[in-house]
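A short worksheet on the structure shown next.
Protein chains: 2
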Amino acid sequence: MFAKDVYVRRRQTLIGSMKAQGASGIALFLGNVESPAQYRDNCYKFRQDSNWLYYFGIDEPRYAAVLDLDSGEETVFADDVEIDDIIWMGPMPSVASVADGVGVAHSAPYGALGDAVASARNLGRKVHFLPASRYYNALKLGELLGVNPYETFSKGKAGCPAASLEMVRAVVQMRLVKEDIEIAELDHACTLGQQMHTVARQGIRIGVKEQEIVGAMEALTLAKGWGVSFATILTQHGEIFHCHSHEALIEPGKLLVIDAGLETNGHYASDFTRTYPTGGKFTARQRDIYQLVYECNEHAFSITRPGIAYLDVHLSVARRMLEGLKDLGLVCGDLDAMVEQGIAGLFMPHGLGHNMGLDVHDMEDLGENLVGYGPGQQRSAQLGLGSLRMARPLVPGNVVTDEPGIYFIPALIEQWKKEGTDKGFVNYGKLASYYDFGGIRLEDDVLITEGGARRLGSDRLPIAPDDVEAAMAADKG
Amino acid sequence: MFAKDVYVRRRQTLIGSMKAQGASGIALFLGNVESPAQYRDNCYKFRQDSNWLYYFGIDEPRYAAVLDLDSGEETVFADDVEIDDIIWMGPMPSVASVADGVGVAHSAPYGALGDAVASARNLGRKVHFLPASRYYNALKLGELLGVNPYETFSKGKAGCPAASLEMVRAVVQMRLVKEDIEIAELDHACTLGQQMHTVARQGIRIGVKEQEIVGAMEALTLAKGWGVSFATILTQHGEIFHCHSHEALIEPGKLLVIDAGLETNGHYASDFTRTYPTGGKFTARQRDIYQLVYECNEHAFSITRPGIAYLDVHLSVARRMLEGLKDLGLVCGDLDAMVEQGIAGLFMPHGLGHNMGLDVHDMEDLGENLVGYGPGQQRSAQLGLGSLRMARPLVPGNVVTDEPGIYFIPALIEQWKKEGTDKGFVNYGKLASYYDFGGIRLEDDVLITEGGARRLGSDRLPIAPDDVEAAMAADKG
Chain A
1441 MFAKDVYVRR RQTLIGSMKA QGASGIALFL GNVESPAQYR DNCYKFRQDS
1491 NWLYYFGIDE PRYAAVLDLD SGEETVFADD VEIDDIIWMG PMPSVASVAD
1541 GVGVAHSAPY GALGDAVASA RNLGRKVHFL PASRYYNALK LGELLGVNPY
1591 ETFSKGKAGC PAASLEMVRA VVQMRLVKED IEIAELDHAC TLGQQMHTVA
1641 RQGIRIGVKE QEIVGAMEAL TLAKGWGVSF ATILTQHGEI FHCHSHEALI
1691 EPGKLLVIDA GLETNGHYAS DFTRTYPTGG KFTARQRDIY QLVYECNEHA
1741 FSITRPGIAY LDVHLSVARR MLEGLKDLGL VCGDLDAMVE QGIAGLFMPH
1791 GLGHNMGLDV HDMEDLGENL VGYGPGQQRS AQLGLGSLRM ARPLVPGNVV
1841 TDEPGIYFIP ALIEQWKKEG TDKGFVNYGK LASYYDFGGI RLEDDVLITE
1891 GGARRLGSDR LPIAPDDVEA AMAADKG
Chain B
1441 MFAKDVYVRR RQTLIGSMKA QGASGIALFL GNVESPAQYR DNCYKFRQDS
1491 NWLYYFGIDE PRYAAVLDLD SGEETVFADD VEIDDIIWMG PMPSVASVAD
1541 GVGVAHSAPY GALGDAVASA RNLGRKVHFL PASRYYNALK LGELLGVNPY
1591 ETFSKGKAGC PAASLEMVRA VVQMRLVKED IEIAELDHAC TLGQQMHTVA
1641 RQGIRIGVKE QEIVGAMEAL TLAKGWGVSF ATILTQHGEI FHCHSHEALI
1691 EPGKLLVIDA GLETNGHYAS DFTRTYPTGG KFTARQRDIY QLVYECNEHA
1741 FSITRPGIAY LDVHLSVARR MLEGLKDLGL VCGDLDAMVE QGIAGLFMPH
1791 GLGHNMGLDV HDMEDLGENL VGYGPGQQRS AQLGLGSLRM ARPLVPGNVV
1841 TDEPGIYFIP ALIEQWKKEG TDKGFVNYGK LASYYDFGGI RLEDDVLITE
1891 GGARRLGSDR LPIAPDDVEA AMAADKG
C-alpha cells in the first residue's frame, strides 16, 4: 500500500475528472469478496479488485465505498470483526482506522451500503459504477441497482454498457499513465519475472514433465510475490495460445514457449515470453523464424516513443514480419498490399501488445475498446490487428508489452486456403512443411519515457538466438 | 479420470437412491465455469465442481447435464469449439465424444440447457439441483429456475434449503464412503502432502520470511499435483486459525504451525498439520503442551474404528485433553463435568476432524449438517464441539482428519473470564502466563477400514516430540 496522500489525491482527481464530464450523483466502488474454489469457505487466494486497490489500497475482502460527487463526502463500508472472527482471523484494526489510513473520513457497516445507494436513487441521483469483473459483484450490483446482474458484468471488448461512461473514462485516463511509485513496483515485478523465467529456462531438460518446470517457476512467484499474474503458458505447442495443459514431457527438437509473469505483493504485474529450443540448439528452420520474431521485437522497441500510436507500431511490425516471411518464401507479393490485407494475421493472429499495470491486461474489465482505443481510433475487424488491445498514441508513463510472434496453425491455414482469405499472397505449398513447427513468441515489458522507451526490469532475459543457446549451454554447466 | 463404467455406475446408483426416496423429475448438474481473478479473461486456475467430477469426471469448464429420473435419459450440455477457440485452445474433441467417454448417450449445446429445464418445469416436473458453490452457478440456477440467485447458493452449515433434499442425501450417502479407486487417489494425495510438509520443515530457519517457506512447499503441489487443496496456513500465531499472512520472519523460541495440503491432478485432497519449534528444540513449556496434543492425536486414532461415532471420538479427545490440562494446573474440577460443560472448547474451539475426499472438507457445499450428522444426531451449540464437521457413526470407507489442537487465544480467554463461561473450571491465574504461547495442532488423515483405521499416505510425518527434534536436527545436517 502506498502513502495516504496517494489515495486522497487519486480520488480527488477522479471526482474532478468525472465532474468535468458533467457527472453528478455518487460513485460506487465494490471491492472483491473471497472467490470460492470448491465451496464458500474454501477459496482461491484472495485477489482484491484492481480499481479498488488503485483508489483505496485496502487489501481486505468485503469492502465497498461511496464517493459523493456533489458534496465530496467519502464513505467506506465494511464490517468490524467480532469475537468469532478474532478466533479465526486474529485481532484486526477497526474499519474506521483502516479507512482513515487511506484518508477516508467516514465508515459504516457493509450492510449500510444498500441504504446509502437506495437513498441516492430515491432522490433521483445517478449511481455511477464500474463494470463488475466478478460474478459476486455483478450479483451485488444487480441487487443494489435493481437490474439484471448480467447487465452489470464486464463483457470484454465492449465493456459494460450499463456502467458509468464518465467513471470508466476518468479511471482509464488516470491508470493509463503510471505514476513513479507504480513504475517502481512494475520494475520490481519485472525483475522478479525475469528471475522466474531464468528458473524455468534452467529446468528445461529432455524427458522432464512440463508441470515440473511450471512448479519450479511458480514457486518463485509465491516465495517473492503474490503469485502468477496470469495462468502460466508453458507449452511445446506454441501455436495454441492459451494452452494450459502441462502434462507433456519435454521432447527433443521442439520449441518451448514460456509466457508467464509474476504479481508482486503490491499487485503489480509482469509478463514475459521466451521461446527455447528444447535441446538447447535451434535447427536451421527454427533459427530462421526465431531470428525474424527477434527482429520484430527489436524493431517494435526501436520505434516505440511518445507520439506514435501503438497501432502504427503494430502495423510496422506486421510489415517487417511480412518482409521476412517473403524472404523465406512463405508469402509473395507487394508488401504494402499485404499489410493492408492483414496477411500478417495468418502468422500472428494477436496484437503486438497490451497495457500492463495492476492487471496484466490493464483495465480489461473496463472494456478494451475504451481502454486501448483513443478518440477517432476504430478497432479493425482483421484477424490479428482486431485483437490489438492497445492502439492509442503513446505518452510517457504508458506501460505496454512488445510481444510479436509467428505461429503455424494448421486449422487456420486450411481455413484461409479454403476461403481464399489470403488473396493469393500466401505460398501454401511451402507452408505445408511448417505444420509441425509450432510457434514462437518473444515478449518484453516496456515503459514509455519522455525521451523514448525503456525495458522494465533489471536484466533483460537472453533473446538473441546466439545468447539463448549460450545461456542454455551455461545452464547445463 | 476413472474408467467409463465408474461414472455410469455412480449415476445409476444416484438415480436409484433418489427414486427410492420418492423423487421424480429431472436432476440438474452444473459444472463450473472459469472463475475470474482480475477480470473475465484472467482467471484463477480452473477447478471443476466436485459433484460434477464425481458423477461425470469431465474436467473442462462450462459443462452441464440433466438426468431424467423417470426415463433414465442422460444429456450433457456443452459447446463444441469453433475456429477462434482452436487458435486459443487448440483442437478439442467433440462434446459428443467427451460425453460418450463417460457413458452419456446424448449431448446438446450449452444454450439448450435453458429449454431443457423450461420444458420440464412447464410439464410440472420437479427440477432437482444441488446447492451452488460458486456465484456464477447461483446466477445460472436463478435464471434457469426463475428464483433469486442467492436462494440457490450454499449457506454453509445449513446448506441450501431450496436445493433438492433427495439429491443432496443421495450424493452424501455415496461420497461419504470412498471407493477403492478413490482411496488410491487419497493415498497418493497424502504421500505428496507428506513430501510437501517435509520440504516445509526443511526450510525452517531463523530469519527466513514465512512466505519463502510457503513458496517452496507450494512448488511441490504445482509440480506434482493440481496445487494446494486449501489456502496454506503457515504461522507463528497458531492461535489464529486462518492466518494467511506470510509476511513475518521466523523468530527464535516460537512455534510454527503448518497446516497445508495438496490436491492431485485427479482432484483428491490431503490435509496435514504439524507444529515445529522454530529453533529446532521445544522449551519445557512448549513440550508439555505439545506432548498433550500428540497424545490426543494418538488417542483419537486408537479408538477410531467402524461403529463408533466421530462425535464420541471428539468427546473422548476432549476428556483426554482436559485431563492433561488439569495435570498442568490450567483447569481444575471434575473431568466429566468439564466435558459436559464444553470446557475443552476454550482450548480447542474447533472440531476434531472432518470428512476428506474430492474436497478437503468433503461436500461442505452440500451443507455440513446433512453431510456430517446422521439421523438422530444434533449439532451442539458449544464452542468447539459446535464446529465439529463430522459426527456420524463411522463405517469402512470413511476418510476423516484427526486434528486435535491446543491454543491460547487471549481475546477468547478474556471473554470467558468476563462472562463466567467456564463455571469456575478454569485457572485464569496460571493461564495468564500462556498469552504469548500461540497454538499447536497435529493432524493426520485417516481411512476407516473393516478392522479399524489406517493413516493415509506412505510415511507418517514425524510427530512425537523427540522425533520432531531429531528430524529438525537432521535437516540442519
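Which chain is which? The protein sequence lines are A and B, in order. Each residue of the first sequence is one higher than the one before, starting from 1441 at the first, in my numbering. Each residue of the second sequence is one higher than the one before, starting from 1441 at the first, in my numbering. We put the CB at the ideal spot given by N, CA and C, even for glycine.
Cross-chain neighbours of Met1529/B in chain A, by beta carbon under 9 Å: Ile1680, Phe1681, His1682, Cys1683 and His1684
Any 3 or more C-beta pairs closer than 8 Å across the stretch 1902-1910 of chain A and the stretch 1650-1661 of chain A: no
Min CB distance Tyr1503/A to chain B below 8 Å: no
Contacting residues, own chain, Cβ-Cβ under 8 Å from Thr1718/A (five flanking each side not counted): Ile1644, Ile1646, Gln1676, Ile1690, Glu1691, Pro1692, Gly1693, Lys1694, Leu1695 and Leu1696
Own chain residues within Cβ distance below 6 Å of Ala1700/B, not counting five before or after: Thr1672
Member of Asp1884/A, Asp1915/A and Asp1525/A whose CA lies at the smallest distance from the CA of Gly1633/A: Asp1884/A
Partner residues on chain B for Pro1844/A, Cβ-Cβ distance less than 7 Å: What Pro1844/A touches in chain B: nothing, since even the nearest Cβ is about 16 Å away.
Within 8 Å, strictly: CB atoms of His1637/A and Phe1741/A: no
Buried or exposed (CB count within 10 angstroms, at least 16 for buried), Asn1588/A: exposed
Integer-rounded CB distance, given that Glu1843/B should sit under 8 Å from Leu1887/B: Not really, about 15 Å apart at Cβ, beyond 8 Å.
At least 3 beta-carbon pairs within less than 8 Å: the stretch 1533-1551 of chain A vs the stretch 1514-1524 of chain A: yes
Local Cβ density within 10 Å of Lys1863/A, reported as buried at 16 or more and exposed below that: exposed
Limits of the unbroken beta strand (DSSP E) element including Pro1854/A: The residue you asked about is not Pro; residue 1854/A is Glu in the sequence shown. Run containing Glu1854/A: none in the beta strand (DSSP E); it sits in the alpha helix (DSSP H), Pro1850 to Glu1859.
Neighbourhood of Val1557/A by C-beta distance below 8 Å, restricted to the same chain and skipping five residues each side: Ile1466, Leu1468, Val1506, Val1567, Leu1584 and Leu1585
Residue-chain proximity (Phe1496/A, chain B), Cβ-Cβ < 8 Å: no
6 Å Cβ shell around Ser1549/A - same chain, five flanking residues per side excluded: This sequence places Pro at residue 1549/A; Ser is not what is there. These residues qualify, in order along the chain: Asp1519.
Short-range partners of chain B found in the stretch 1792-1811 of chain A, where Cβ spacing is below 7 Å: Asp1799, Val1800, His1801, Glu1804 and Asp1805
Sequence-distant residues of its chain with Cβ nearer than 7 Å to Thr1889/B (five each side left out): Pro1836
Range of the contiguous beta strand (DSSP E) that encloses Leu1695/A: Leu1695 to Ala1700
4-residue-minimum alpha helix (DSSP H) runs that sit fully inside the stretch 1529-1600 of chain B, ordered along the chain: 1535-1541, 1553-1562 and 1575-1585
Classification of Pro1531/B by the beta-carbon crowding that lies within 10 angstroms, buried from 16 upward: exposed
Residue range of the beta strand (DSSP E) that includes Tyr1847/B: Gly1845 to Tyr1847
With 16 other Cβ atoms within 10 Å as the buried cut-off, status of Cys1483/A: buried
Lys1485/B at chain A interface by Cβ criterion, 8 Å: yes
Check whether Leu1806/B and Val1612/B have beta carbons under 8 Å apart: yes
Phe1787/B and Met1761/B closer than 8 Å at C-beta: yes
Proximity test, Cβ basis, 8 Å: Asp1481/A and chain B: yes
Listed by chain order, chain B residues near Tyr1575/A by CB distance under 7 Å: Tyr1575, Tyr1576 and Leu1579
Cβ of Val1654/B within 8 Å of any chain A Cβ: yes
CB contact below 8 Å: His1754/B versus chain A: no
Within chain B, the residues that Gly1596/A reaches when beta carbons sit closer than 8 Å: Arg1480 and Asp1481
Test item: CB-CB of Leu1828/B and His1754/B under 8 Å: yes
Pro1905/B: first and last residue of the uninterrupted alpha helix (DSSP H) it sits in: Pro1905 to Asp1915
Every unbroken beta strand (DSSP E) inside the stretch 1447-1519 of chain B [3 residues or more]: 1466-1470, 1476-1479, 1504-1508 and 1514-1517
N- and C-terminal bounds of the alpha helix (DSSP H) containing Ala1749/B: From DSSP, Ala1749/B is part of no alpha helix (DSSP H); its letter is neither H nor E.
The stretch 1865-1876 of chain B / the stretch 1602-1610 of chain B touching (three or more Cβ pairs under 8 Å): no
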